[in-house]
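Contents: one structure, followed by commentary.
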Amino acid sequence: MDAHPAGPHRRRPVGARGPARALLAAAALAGLLTAVVVPPSTAATRLVVEPTPAPTASPTVAPTPTPTPTPTVSPTPSPTVDPTIAPTAEPTPDATPPPAPGAANDWAEAALTPDDGLLFGASVARGTHTSVDAAVSAFEASVGRKLDVHRWYSLWDELPSTPLTTTVQRGRTPLLSVSSKKIDGTKISWSAVASGAHDAQIVQHAAAVKALRVPMYVSFQHEPDYSPGFGDATAYRAAFRHYVEVFRAQGVTNAVWTWIVTPTPFAPYATVTADALYPGDDVVDQIALDAYNWFGCAANGQTAWSSMSRTASAFRAFGQAHGKELIIAEWGSVEDPAVPGRKAAWLRESMATLASWPEVTAVLYFHHHGSCSWFVDSTPSSLEAFADIADAPTAHTRPSAFLQASTTHGTAPLAVTFDASRSSGTGGGAGENVASWSLTYGDGTTDGGTGAPPAALAHVFTPGDHTARLTVTDTAGVTSTDSVAITAAKLPTGTLDQKDVTDTSATLYAWVDLHGYAGTVRFDWGRTTEYLGGSSTVAVPAVAYVKTVSQPVVGIPVGSAYHWRATITSPAGTTVLTRSFETAGPPTSSNQFTAGSTSTSTTFKAQVHPHRLTTTAWIEWGPTTALGTSSPVTTVPGLTYEKTVASNLVTGLVPRTTYYYRVVAKNALGTLYGPVRSFTTPR
Numbered sequence: 001m002d003a004h005p006a007g008p009h010r011r012r013p014v015g016a017r018g019p020a021r022a023l024l025a026a027a028a029l030a031g032l033l034t035a036v037v038v039p040p041s042t043a044a045t046r047l048v049v050e051p052t053p054a055p056t057a058s059p060t061v062a063p064t065p066t067p068t069p070t071p072t073v074s075p076t077p078s079p080t081v082d083p084t085i086a087p088t089a090e091p092t093p094d095a096t097p098p099p100a101p102g103a104a105n106d107w108a109e110a111a112l113t114p115d116d117g118l119l120f121g122a123s124v125a126r127g128t129h130t131s132v133d134a135a136v137s138a139f140e141a142s143v144g145r146k147l148d149v150h151r152w153y154s155l156w157d158e159l160p161s162t163p164l165t166t167t168v169q170r171g172r173t174p175l176l177s178v179s180s181k182k183i184d185g186t187k188i189s190w191s192a193v194a195s196g197a198h199d200a201q202i203v204q205h206a207a208a209v210k211a212l213r214v215p216m217y218v219s220f221q222h223e224p225d226y227s228p229g230f231g232d233a234t235a236y237r238a239a240f241r242h243y244v245e246v247f248r249a250q251g252v253t254n255a256v257w258t259w260i261v262t263p264t265p266f267a268p269y270a271t272v273t274a275d276a277l278y279p280g281d282d283v284v285d286q287i288a289l290d291a292y293n294w295f296g297c298a299a300n301g302q303t304a305w306s307s308m309s310r311t312a313s314a315f316r317a318f319g320q321a322h323g324k325e326l327i328i329a330e331w332g333s334v335e336d337p338a339v340p341g342r343k344a345a346w347l348r349e350s351m352a353t354l355a356s357w358p359e360v361t362a363v364l365y366f367h368h369h370g371s372c373s374w375f376v377d378s379t380p381s382s383l384e385a386f387a388d389i390a391d392a393p394t395a396h397t398r399p400s401a402f403l404q405a406s407t408t409h410g411t412a413p414l415a416v417t418f419d420a421s422r423s424s425g426t427g428g429g430a431g432e433n434v435a436s437w438s439l440t441y442g443d444g445t446t447d448g449g450t451g452a453p454p455a456a457l458a459h460v461f462t463p464g465d466h467t468a469r470l471t472v473t474d475t476a477g478v479t480s481t482d483s484v485a486i487t488a489a490k491l492p493t494g495t496l497d498q499k500d501v502t503d504t505s506a507t508l509y510a511w512v513d514l515h516g517y518a519g520t521v522r523f524d525w526g527r528t529t530e531y532l533g534g535s536s537t538v539a540v541p542a543v544a545y546v547k548t549v550s551q552p553v554v555g556i557p558v559g560s561a562y563h564w565r566a567t568i569t570s571p572a573g574t575t576v577l578t579r580s581f582e583t584a585g586p587p588t589s590s591n592q593f594t595a596g597s598t599s600t601s602t603t604f605k606a607q608v609h610p611h612r613l614t615t616t617a618w619i620e621w622g623p624t625t626a627l628g629t630s631s632p633v634t635t636v637p638g639l640t641y642e643k644t645v646a647s648n649l650v651t652g653l654v655p656r657t658t659y660y661y662r663v664v665a666k667n668a669l670g671t672l673y674g675p676v677r678s679f680t681t682p683r
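See below:
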């Protein structure tokens with residue numbers, strides 16, 4: 001194979017690595033663009049020279065996760081795909097611009113290689129959350145810390161966009177895995193990738209990564225040992241190498257090239273070995289493993305309870321032979337139903353093992369239900385164990401600003417309480433090793449202080465979009481930032497009406513004002529105010545004017561009352577409006593009666609509902625039920641309510657005599673013959 005000979009391992013104490021590289025790493029992570037002063041007890045002032053900014057790349061599209069942890073021949077976990085919308089990528093304001101095109105990626109690798117300890121991360125299932133960032137934020141809140149690294153999965157014709165940009169702005173480092181499988185399921189062979197036939201797409205990938213302007217891990221086709229249908233090991237090596245070469249030709253220097261496999265290629269019985277799959281030291285910066293304790297949870301998988309040491313030792317030896325830093329790109333365990341707390345102990349033991357291996361620079365838990373349930377909160381004891389290892393000093397190799405908000409959107413004036421107390425400095429747990437902090441609210445006001453930031457910082461936001469930004473400086477003088485977007489807006493308003501009403505259909509209209517924000521209108525309808533007839537949700541774009549949205553409804557019963565409502569939702573909140581109407585139908589009558597009666601005269605009357613159609617109506621009467629006499633015809637317009645129809649004053653009646661009458665009404669949909677009623681004249 002075409003790998004360069006293995007050299008000495010590059011992870012050394014700061015002094016051995018050199019002050020410039022160590023400080024460059026800190027600056028790249030914290031977004032420092034100026035000189036950094038080290039406390040007098042450690043060294044003199046050290047300067048960071050700002051690298052030349054790279055050009056902004058083209059718009060990007062969001063990745064769709066498809067992670068695949070694998071033991072020997074077991075099925076692979078598959079997290080929920082997160083569909084995203086692709087706006088133009090904006091560089092994070094905290095990022096340090098990478099060196100000029102053509103320069104090496106040493107600065108990026110240094111930034112992601114802590115001197116001691118390891119970076120702590122995860123891949124988080126979206127679940128029922130409204131977005132990936134909401135899911136990650138909830139996960140971070142549950143474990144009590146912000147992630148250093150966030151794992152992403154992208155299909156071939158997807159590119160990172162808003163959610164990935166958001167995670168970068170929150171101060172998390174992406175680990176991006178790109179597959180040569182397309183959204184429609186088409187597999188692009190590795191030989192086709194290596195041939196250059198798909199370079200145009202790779203150039204787009206390169207531009208998207210470059211546009212993020214932060215050091216990040218990038219992997220082509222993770223788990224090639226468990227990727228059937230793409231080609232053989234030779235084709236994979238060539239594809240990986242070509243993918244890296246195209247990135248380098250595009251001047252991408254913020255990518256730390258990461259080769260990710262399962263334990264299978266390192267096994268003595270492997271039919272395709274790690275050596276056969278390895279692309280070469282010159283195109284691989286760090287080597288990564290997806291390591292799981294399957295314990296029989298998947299068909300054909302490992303049935304024995306397996307420690308991290310047993311699972312990853314051969315992988316470690318391979319990395320040592322190649323002089324590479326190591327990453328556990330996915331890891332997880334199932335519970336042992338027969339032994340409560342066994343998973344919790346496995347988590348603690350695994351972290352202790354990995355922290356004791358100096359080659360390991362990052363670990364990323366797989367918080368999903370894929371082939372098995374790997375969730376860290378599968379039991380309270382497992383969640384407690386994970387929170388403990390997440391807070392360990394060895395998992396805090398750089399400062400971490402962690403800002404949580406009681407709410408992120410609502411009606412202005414919007415009261416928000418921020419919690420910054422879980423922020424930490426290098427080597428410290430939550431609230432430890434922080435020298436100073438500053439919180440800007442995005443509206444010209446700022447709070448700040450020394451020591452650990454507080455757990456309750458209250459602020460009231462005026463209408464508009466604001467970005468609250470927390471900056472913490474640790475006791476070594478290194479900074480970290482976190483930001484939370486706050487939207488304070490007016491509640492949405494609107495008016496309703498229905499149009500084009502027929503005997504069985506209508507179109508529901510809502511004119512809504514979301515005051516410049518995007519949102520939705522949900523229509524619900526039915527014969528009662530329980531609205532069981534149906535529902536539909538319409539997206540409303542962010543516009544600065546009243547937007548018309550509509551929903552056709554069919555299958556309404558003829559001549560019936562119908563009820564509907566519109567639920568208008570924006571970042572400010574929700575407004576609910578209701579309305580009712582009647583469909584066209586044959587005429588109906590709710591009442592027939594007489595008025596102004598004497599012993600010899602009366603007026604016959606009836607209430608007639610035309611149900612939206614022009615209706616003719618008259619009264620028939622007589623001394624028997626055969627009736628026989630009719631009043632003049634009255635025309636009732638197509639109203640949506642009842643109208644009184646009356647005969648003229650009928651005279652010449654006989655005292656103390658019974659007469660009979662009824663109403664007759666007719667429109668295009670039918671004729672009404674009212675029930676025959678009786679009336680007796682007085683003396």
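Here the sequence shown is numbered in the UniProt record's numbering, starting from 1 and rising by one per residue.
All C-beta atoms, glycine included, are put in the ideal place defined by N, C-alpha and C.
(request) For A311, name the three-state secondary structure that DSSP assigns. (result) The sequence as given places Thr at residue 311; Ala does not occur at that position. The answer is helix: DSSP assigns T311 an H, G or I state.
(message) Quick check on DSSP: helix, strand or coil for Q302?
(response) coil
(message) Which same chain residues end up closer than 7 Å to T548 when comparing Cβ atoms and leaving out the 5 residues on each side of it in sequence?
(response) Y509 and W511
(request) For G31, name the three-state secondary structure that DSSP assigns. (result) Only weak support is given to the placement of G31: the predicted model assigns it a pLDDT of 43, under 50, and the question is left unresolved by the model.
(message) My output table needs one value for S381: the three-state DSSP class, helix, strand or coil.
(response) helix
(request) Grab me the residues of V334's own chain with a C-beta within less than 6 Å of its C-beta, minus the 5 sequence neighbours each way, in chain order. (result) F295, C297 and C372
(request) Quick one: using the 10 Å Cβ neighbour count with 16 as the cut-off for buried, is V576 buried or exposed? (result) exposed
(message) When you compare the CB positions of V218 and W259, do they come within less than 8 Å of one another, or not?
(response) no
(request) Kindly list the residues whose CB is nearer than 6 Å to the CB of T625, restricted to its own chain and excluding five residues on each side of it in sequence; keep chain order. (result) Y660 and V676
(request) Report, in whole angstroms, the separation of the C-beta atoms of P541 and N667, which I expect to be a contact under 8 Å. (result) At roughly 42 Å, the Cβ-Cβ gap does not stay under 8 Å, so P541 and N667 are not in contact.
(request) Look at the Cβ atom of S589, then the Cβ atom of G674, and state whether they are nearer than 8 Å. (result) yes
(request) With DSSP as the reference, please indicate the residues paired to H611 in a beta bridge. (result) In the DSSP output, where bridge partners are listed per residue, H611 has none listed.
(request) Using the Cα positions of A485 and D275, report the straight-line distance between them to the nearest angstrom. (result) 47 Å
(message) So, at 7 Å on beta carbons, what are the nonlocal neighbours of L364 in its own chain, with the 5 sequence-adjacent residues on each side left out?
(response) G121, A122, S123, V149, R151, L175, I328, A329 and E330
(request) Determine, using beta-carbon pairs with one atom in the stretch 230-246 and one in the stretch 184-192, whether at least three such pairs fall under 8 Å. (result) yes
(message) Please report the straight-line C-alpha distance between W618 and F604, rounded to a whole angstrom.
(response) 10 Å
(request) Going by CA-CA distance only, name the one from H367, P399, F461 and A299 that's closest to P114. (result) P399
(request) Kindly indicate which three-state DSSP category D513 falls into: helix, strand or coil? (result) strand
(message) Taking only three categories from DSSP, how would you classify W437?
(response) strand
(message) Which same chain residues end up closer than 7 Å to A401 when comparing Cβ atoms and leaving out the 5 residues on each side of it in sequence?
(response) G171, S423, L470, T471, V472, S480, T481 and D482
(request) Could you check the C-alpha separation between L33 and P215 for me, to the nearest Å? (result) Caution applies to L33, whose pLDDT of 32 falls short of 50 and renders its modelled position unreliable; the value that the coordinates give is listed next. Each residue's alpha carbon lies about 15 Å from the other.
(message) For the pair the stretch 446-465 and the stretch 404-418, tell me if three or more CB-CB distances fall below 8 Å.
(response) yes
(message) Counting C-beta neighbours from all protein chains within 10 Å, is the total for K343 16 or more, i.e. buried, or is it exposed?
(response) buried
(request) For T680, collect the residues of the same chain with a Cβ closer than 6 Å to its Cβ; drop the 5 residues on either side in sequence, then sort them by chain order. (result) T658
(request) Please report the residue range of the beta strand (DSSP E) in which Q551 lies. (result) K547 to V554
(message) Counting beta carbon pairs with one atom in the stretch 489-505 and one in the stretch 441-459, are three or more of them shorter than 8 Å?
(response) no
(request) Evaluate D290 with the Cβ neighbour count: other Cβ atoms within 10 Å of its Cβ, from every protein chain shown; 16 or more gives buried, anything less gives exposed. (result) buried
(request) Can you give me the start and stop residues for the alpha helix (DSSP H) that Q201 sits inside? (result) D199 to L212
(request) Tell me whether G674 sits in a helix, a strand or coil according to DSSP, three-state version. (result) coil
(message) Tell me which residue opens and which closes the beta strand (DSSP E) that A288 is part of.
(response) Q286 to N293
(message) Distance check for E223 and G119, CA to CA, integer angstroms please.
(response) Here residue 119 turns out to be Leu, not Gly, going by the sequence shown. Taking the straight line joining both Cα atoms gives about 21 Å.
(request) Tell me A122's beta-bridge partners as DSSP assigns them. (result) H150 and Y365
(message) Out of K182, A208, D199 and A135, which one is the CA nearest neighbour of T165?
(response) A208
(request) Throw me the rounded Cβ distance for the F523 and Q551 pair, which I believe falls under 8 Å. (result) 4 Å
(message) Quick test of your reading: T397 and G117, contact by CB under 8 Å. State the CB separation rounded to the nearest angstrom.
(response) 4 Å
(message) What does the alpha-carbon distance come out to for the pair T450 and Y226?
(response) 51 Å
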